[in-house]
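To keep things clear, I will list the structure first and then write my remarks on it.
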Amino acid sequence: MPKQKKARRSLVYGSNALVSTLVFLAILVFVALIAQRHPLRVDLTESGEFSLSEQSRKVVESLQEPVTIKAFFATASPQRLKTKDLLETYRYHNKKIRYEFVDPDRRPEVARQYEIRDYGTLVLEGFGRKETVLRADEEAITNALLKLSRKKKKKIYFLTGHGEHSLDEINKVGYSTVKSALEKENYTVEKLNLLQRENVPEDAAVLIVAGPHKPLFPEEVASLEAYVKRGGKVVVFLDPGLDGGLKDFVRSLGIQVGDDMVIDKLSRVFGGSYLMPVVTRYGAHKITEGFNVATFYSEARSVRPVKKPPEGVTVVTLATTSENAWAETDLDRLHRGEASFEEGQDAPGPVPLVVLAAVDTNKLSKSSSTQTAQEKAGREGRDEAGVAHAAETRLPTGYLVVAGDSDFVDNTHFGLSGNGDFFLNTIHFLAEEETLITIEPRKKEGQTLILTQDQARLVFWVPLVLIPALVLAVGLGVYRMRRAQR
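Residue numbers (our numbering): 106 to 591.
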């Protein structure tokens, strides 16, 4: 009889344990399913290190169409896990965002399809377009999403009427490849003839003057100058011996084009001509940030900042040759094949080839307004205190980029090394497509914890002595109770 009672008791306890286990597992599965469908993320860091900024959340939550992100990382890359956490954060805020990791070494065909050159590159696809991100951080990804979802296209104008490169020609010197590349980047490309219009259109994001063979009329130059001074962006490509009547215009904004041709011995190493200088040095600017690819220029002239730029103008050299190059000024000897470096006459390397001028239009307009007011006050013999302060209105910064070669992005050279990338980087910056949203990096600030002697004792005794002793006491109590029930 005692044996039967003991067996019955064991059966009851065993059944209860089994049922309890099954119920517990069922609850775990139920909670996991709820968590999968309705995940909850809580960032307990003070700086919000694992959360998106409010700007990013607004952009992500506004996406109405699916976006796929392909992240090209090596399988063993230490940055892969960090990037996965970031992409998962984006997906948490919008399930229309999907991502996958691709190892370029294991799937080279996919890397070739997306023209991947560096590890850590992200390609975002959606809204019928594609954006490539070279660094996997929140600012770059959010800006790419914003550019994908934006319906309005910015316009890039190309000046015509002076023998510039043609956007329609598919021959070696045509610019059809440039046009196609810009359209793939979601720009609208149009031609502009300033002989038929008085001013540059208001909707122009960038105006490009690509190697004019004939000089512009003074009225056209005045239109370009007015456009820059009201915050416009102009890119000018001037080949050796052909300044297009723009030499004085670019000099007035702090850039000087040389009457020379650059010769580079280093280009022979790459299998090119002495007249094709190679650039591997780039200035400190957003256009060239992280850019480490060589660019080649076919028959280029020197372009350098003037020694003393005008007030309100900041000049930056973007691309420079190596020390092996020089700017040859005796073009007749060069054409006879007798050119050599002559100290005191030729400019030694490094030779600058691409220069950017940032024009603070507010300072220029304020200076002009003050000068006009003074002249007016002098004429009328009265105080100028009543002059209207029209210059108080803030104007955008104008930009002028001058390169000493127009062939480096023609149909022959656009795909050569980093030529096309450098050109597109320049256009993105000028069109304000490089950084649409600026996100400040999170600051990780450490905090010093100072304990009193009593607090230090408490920290020692509670977790290291009292809690383990309590657990041990509870275990002994449970053991004695179960033994007494047998």
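For glycine and all other residues, C-beta sits at the position ideal for the given N, C-alpha and C.
Since this is a predicted model, take the numbers as computed values, not measurements.
Check: Pairing CB atoms from the segment 384-398 with CB atoms from the segment 449-467, are three or more of them under 8 Å?
Finding: yes
Note to self: Is it buried or exposed, D273, if we count other Cβ atoms within 10 angstroms and call 16 or more buried?
What the structure shows: exposed
Checklist line | Contained alpha helix (DSSP H) runs [length at least 4] in the segment 327-388, N- to C-terminal order | finding: 352-357
Item checked: From D365, K319, T265 and Y204, residue whose alpha carbon lies closest to that of A172 -> Going by the sequence as given, residue 172 is Val instead of Ala. Per the Cα distances, Y204.
Notebook entry, point to check: According to DSSP, is R203 helix, strand or coil?
Noted result: strand
Next item on the list: Could you tell me the distance, in whole angstroms, from the CA atom of L563 to the CA atom of A589?
Entry: 37 Å
Note to self: Assess contact between the segment 277-296 and the segment 559-579, defined as three or more Cβ pairs (one per stretch) separated by less than 8 Å. Is contact present?
What the structure shows: no
Check: Would a C-beta distance cut-off of 9 Å place V506 and V384 closer than the cut-off?
Finding: no
Next item on the list: Would you kindly work out how many angstroms separate the C-alpha atoms of N524 and L423, rounded to a whole number?
Entry: 13 Å
Next item on the list: Mark H270 as exposed unless 16 or more other C-beta atoms lie within 10 angstroms of its C-beta, in which case mark it buried.
Entry: buried
Notebook entry, point to check: Can you name, in chain order, every residue of its own chain whose Cβ lies under 6 Å from the Cβ of P414, other than the five neighbours on each side?
Noted result: G359 and V420
Notebook entry, point to check: Can you tell me whether DSSP reads G442 as helix, strand or coil?
Noted result: coil
Checklist line | Three-pair Cβ contact test at 8 Å for the segment 442-450 versus the segment 393-410 | finding: no
Margin query: Using the three-state DSSP reduction, which class does R212 fall into: helix, strand or coil?
Written below: coil
Check: Whose CA, out of S281, A176, K296 and K252, lies closest to the CA of G266?
Finding: K296
Notebook entry, point to check: Are three or more beta carbon pairs between the segment 232-252 and the segment 159-168 nearer than 8 Å?
Noted result: yes
Margin query: Please report the straight-line C-alpha distance between V398 and V283, rounded to a whole angstrom.
Written below: 19 Å
Item checked: Neighbourhood of I202 by C-beta distance below 6 Å, restricted to the same chain and skipping five residues each side -> V172, Y195 and R196
Check: Is it true that the segment 308-328 meets the segment 253-268, where meeting means three or more beta-carbon pairs spaced less than 8 Å apart?
Finding: yes
Notebook entry, point to check: Can you tell me the Cα-Cα spacing of L133 and L127, whole angstroms?
Noted result: 10 Å
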